[in-house]
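Chains as they are written, first to last, in the numbering used here: chain C, 1120 to 1770; chain B, 45 to 360.
Below is one structure, written out as C-alpha cells, with a few remarks after it.
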C-alpha cells in the first residue's frame, strides 16, 4: 500500500517533467483499483518503524479509509491527466517545485486516510496543509494571492490546533495515541462532547464550515485550477473523513442526539449561506468555491442525520443517510473537480475569470463546454446524473425522520428538509447562471474569438471526470454495494441487497416505499427524443433557415453587452436575501455629470466576527508589546518574579 | 408486473395524457372565455395552433448552438416521461417504479434547466431575463412542493405514487385534515410552476412582465410547437398529480380491465372540473408583481407546514 504512496512522491523528483503527471495519473488509477479491492478485504494494518523513536507510524486500511482512498484515486486520476497538459507553459524551476508540492499533497492526503495513530494523522494533516499552502501561493508574486494563502494557513492552523486538543482529550489519560487505544478509552459524556466539538471545529476549519469558511473563496481563486480542483474535490473530503472517523469510529457508541442536531443545523446554515453567496458572485472560481461550501453543508446535514438515527439505534436509517453522505462526497469529488478544471481551461484560453467578460464559449471550446455541461447538470442535482442520486437518498432519509422517538425533532425535520431542498434548488439557479453566462450567449469581449479549445491531455482529464459523473448517476446499483462496506463498518447496518435487488432500480429500503431508475429515465427520454425527431420530419418537414435573432423586433440594435451580466442574473437573489448580505452601493442620480455605479457585496461574517476578532487580537498583542522594552534588567526581573511565583505555587 | 398487457396499457395511458394535454388547456381557455363573456375559440384551438407551428419553417439565430436546438426535444421527452410516471388511469404500471414523486420533481427540474440554458443561448436580453425569473420561481416553489409530498408520504409511508394513491383511495372515509392544507399548497405551486396567473400570465404580450414566455421568444415553428406542447403536458401532469394525491377515487388497479372505462370517465370528469376551477381562479385574480412571488410561494410553504403540524398533533 505504501509503495503506491512512495511512488507518487518518488516520481516527483524525476527530471522528465512530461512523464510525471501521466505517471501520477497511473498511480492514481492503481490507487483506485487497490482501494476498490481493499473494500472487500479484512482490515489491514501495518506498523512502520518511522518517525520518532518509540513512536512508530501505524497504518491501517479499513473500509472507511479504502472508500476515501477510492475517492482520492478517482478524482486525482482526472486532475493529474489534466495537469499533464495544463502546466506546459509554466517556467521550469517553478514547475519542478510545483511537481514536488503537488505530489507531496497527494501523498499526504493518502496518508491522512491511512493513519492509525494521532501522531501520523497530525503529521500528514500538517504536511497536507503546508503543501497545499505552497500550491495556493504558486503565483506568490501577486500580493492578493499571498494574502489569500495567509488566511488559508491561519485557519488551517487554528483547525489543526483544535484537532491536537481533540486527540489529547480522546486518549483519556493513557498516553497511547494509537487509534486502537483511543477506541477503547472510555470518556465521560462531557469530555466526549468536548472532543466532538473540537473535532467539528478542527475539521470544519478544513472543510469550510460556517463561520470558518472565509479561506475558501480566497484560496480557490488564488490557486492554479488543478490545485483548486484537488483542494475542493478531495481535500475537503479529508475533513469529512476525519469527522466520520472520530464521531463514528473513535467515539463509537456515545453520541447524544444533540450532536446530530448541532451538525444538522450547522450543515443547513452552511449550505444556505454557501449557495446564497455563490449566487451573487461574478468571479467563476469564487462562485465554485462558495458552491463547495454549500456542498460541505449538505454533507454535514447527512452526517447530522446519520448521528440522529444512530443515537436512537435506527441503524438501517443511519446506513441510508450515511450512504447518501458518502455518495455525495464521491459525487462532489467528481463534479467539482470537473468544473474547476473546466474553469481552468477557460482561464487559460481567455485569461479572464470574471463572468461578465465571458460568453459564447460553447462555439470556441466545444470539448470543455460539453463536459462542463455534464458537471453543471450534475451539481444542480438533476436526474439522471449523479448529484440527484445522493440528494434523493438524503431526502428519503429525511422522509423517515418521523420514526425518531423525539417529538420536537420530528416536527423540525420536515422544515430542515425543506431548507435542504431550497439550497439544492438555489444551486440549480447558480449553475444555470454559471453555465449560461460563461458558455452560452454571445461573447462579451472581442478577444474571446481567439479562445482555443483544451488540448488532448486536458480533454482526457475532463472526459474521465465527466464519465465518472455519468457512471455514478446511471449505475447507482453498482455503487451502493461499495458504500455498504463503509456503512456496515460505521453504523452496523447496510442497505444491502434491498437497494440493488434489481440492477435497474435503486430502492433504498422497500420497493413500495420509493424507487428510482436512472437508466430508465435516460432510456425513455432518449427514445422519445429520437421518435419525435423522426416523426416531426416524416409528418411535416425539417426545413430550417438562419437569420438574425428576433429579440422582439429589435435585431439591429442587439449587442453582446445587452445580455445579462453575472450581477444582473443574480439581482433577484440579492433582493430576496438582502438581509443576508452586506452591500455597499454607489448609485449617483441622473443629474451627476460623470456617474459611476458601484456595488460591492461583502461577507457579513467578516464584519460581524472577523473584524472584531482582529481588533481584539491587535489590542492584545499591543498590550503584550508593552512588556518588551529590550532592557535586560527588566527581563531579569520577569524571570525572577516567575520563579518566585512558581516556587510559591509548587510548594 | 412487466407483462405485455401492462406495458401496452402503460403506453396507452401515456399517449392518452400526451394527446389530451392540449385539450385541457383549450378547455381552460374556453371556460375563461365564457366567464369573461367572450365566445372563445373552442377547446380544440391548441391543436390547431400546434398544427400550424409544425408546418412552419424554423428560423434560427445565426449563433444558436446545438444546445438550443436540442432543448425542445429534451423538454418534450422529459415531459413524456413525467406523464408516464403519474398514475392517471391505473396504478402499479410497469413504469411507475422508475421514479417516485421526488424523482418526478427532478424530471421537471431537468427540463426546466435545459430550457433556461437554451433561453440564454442566443444571447438576447429577454432570454436571460426569462431564464432567471423562471429559475427564481422554481427554487421558491420546490420547497413548498416537497412539503406537500412530505404530507402525503406521512400518511402512506411512501413516496411511490402507486402506493400513495392506493393508500389514499382505500381511506376515503378517513378524513385527513393535513391533506386539505397540502391541497391548497399544491394548488398554489401548480399555478406558479405552470406559469399561470397570479405568478405569470400565459396570455401576455408585454415582454417586460413575461416569465415563461420570455424564454421561448427566440423559438419558432416545430421547436416552439414542441415547447408549447410540453407545457401543455406539464399542466396536464400536474393536474393529474393533484388528482392522484387529493382525489384518487376511481383510478383502476393495473390489469383490472373492467375498471378502466370507469377510470376514464372519472378522469374526464375530474379534469373537466379542475379545468373549470382553474379558469375561475384565473379570472378572479390578477397577476402579482414578480417580487410578490416569494410571498405567494412562502404562503404555500407555510400551508404545507401547517398540514404537517396538524398531522403530528393528530397522532400525538
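Using N, Cα and C, we set each Cβ at its ideal position, and we do this for glycine too.
Cutting at 7 Å between CB atoms, please list the residues of its own chain near residue i, excluding the five before and the five after it.
i	result
residue 162(B)	111, 112, 115
residue 1199(C)	1140, 1143, 1144, 1147
residue 217(B)	For residue 217(B), the pLDDT reaches just 47, beneath the cut-off of 50, and the residue's location in the model is therefore unreliable, although a value from the coordinates is still provided. Within the same chain, residue 217(B) has no close Cβ partners at all.
residue 84(B)	73, 74, 77, 78
residue 1576(C)	1200, 1201, 1203, 1204
residue 1415(C)	1326, 1327, 1328, 1355, 1389
residue 1181(C)	1162, 1608
Looking at the unbroken alpha helix (DSSP H) that takes in residue i, where does it start and where does it end?
i	result
residue 183(B)	169-200
residue 304(B)	303-328
residue 1703(C)	Segment 1701-1705 is the beta strand (DSSP E) holding residue 1703(C); no alpha helix (DSSP H) there.
residue 1719(C)	That residue, residue 1719(C), is in no alpha helix (DSSP H); its beta strand (DSSP E) goes 1717-1721.
residue 67(B)	48-79
residue 1347(C)	1344-1349
residue 166(B)	Taken as a continuous stretch (DSSP letters only), residue 166(B) belongs to no alpha helix (DSSP H), as it is neither H nor E.
residue 1537(C)	1526-1558
residue 1443(C)	1434-1469
Excluding the five sequence neighbours on either side, which residues of its own chain have a C-beta within less than 6 Å of the C-beta of residue i, listed in chain order?
i	result
residue 1634(C)	1624, 1626
residue 1089(C)	The displayed coordinates of chain C run from 1120 to 1770. Any statement about residue 1089(C) would go beyond what the structure contains.
residue 1506(C)	1450, 1497, 1498, 1500
residue 1392(C)	1329
Can you confirm whether residue i, when its beta carbon is compared against all beta carbons of chain C, has any partner nearer than 7 Å?
i	result
residue 90(B)	no
residue 297(B)	no
residue 146(B)	yes
residue 117(B)	yes
residue 187(B)	yes
residue 347(B)	no
residue 339(B)	no
Cβ atoms of residue j and residue i: under 7 Å apart, would you say?
i	j	result
residue 192(B)	residue 236(B)	no
residue 261(B)	residue 170(B)	yes
residue 1297(C)	residue 1339(C)	no
residue 190(B)	residue 1341(C)	no
residue 1422(C)	residue 1389(C)	no
residue 1478(C)	residue 1571(C)	no
residue 1419(C)	residue 1428(C)	no
residue 1459(C)	residue 1279(C)	no
residue 118(B)	residue 53(B)	no
Determine, for residue i, whether the minimum Cβ-Cβ distance to residues of chain B falls below 7 Å.
i	result
residue 1555(C)	yes
residue 1184(C)	no
residue 1655(C)	yes
residue 1648(C)	yes
residue 1688(C)	yes
residue 1560(C)	yes
residue 1531(C)	no
residue 1706(C)	no
Cα separation between residue i and residue j?
i	j	result
residue 1724(C)	residue 1731(C)	10 Å
residue 1661(C)	residue 1143(C)	50 Å
residue 147(B)	residue 80(B)	38 Å
residue 1244(C)	residue 1647(C)	51 Å
residue 127(B)	residue 133(B)	11 Å
residue 361(B)	residue 1555(C)	As shown, chain B starts at 45 and ends at 360. That puts residue 361(B) outside it, with no answer to give.
residue 1241(C)	residue 1261(C)	30 Å
residue 1358(C)	residue 1334(C)	15 Å
residue 1534(C)	residue 1697(C)	22 Å
residue 1183(C)	residue 165(B)	44 Å
residue 1715(C)	residue 1721(C)	19 Å
residue 176(B)	residue 1588(C)	26 Å
residue 1546(C)	residue 1694(C)	17 Å
Between which two residues does the beta strand (DSSP E) holding residue i run?
i	result
residue 1176(C)	1176-1180
residue 1665(C)	1663-1666
residue 1487(C)	Taken as a continuous stretch (DSSP letters only), residue 1487(C) belongs to no beta strand (DSSP E), being part of the alpha helix (DSSP H) at 1485-1498.
residue 1769(C)	Taken as a continuous stretch (DSSP letters only), residue 1769(C) belongs to no beta strand (DSSP E), being part of the alpha helix (DSSP H) at 1751-1769.
Which chain D residues are close to residue i, counting only those with a beta carbon under 7 Å from its beta carbon?
i	result
residue 204(B)	Of the protein chains in the structure, C and B, none is chain D.
For residue i, collect the residues of the same chain with a Cβ closer than 8 Å to its Cβ; drop the 5 residues on either side in sequence, then sort them by chain order.
i	result
residue 1305(C)	1291
residue 1317(C)	1281, 1282, 1284, 1285, 1288
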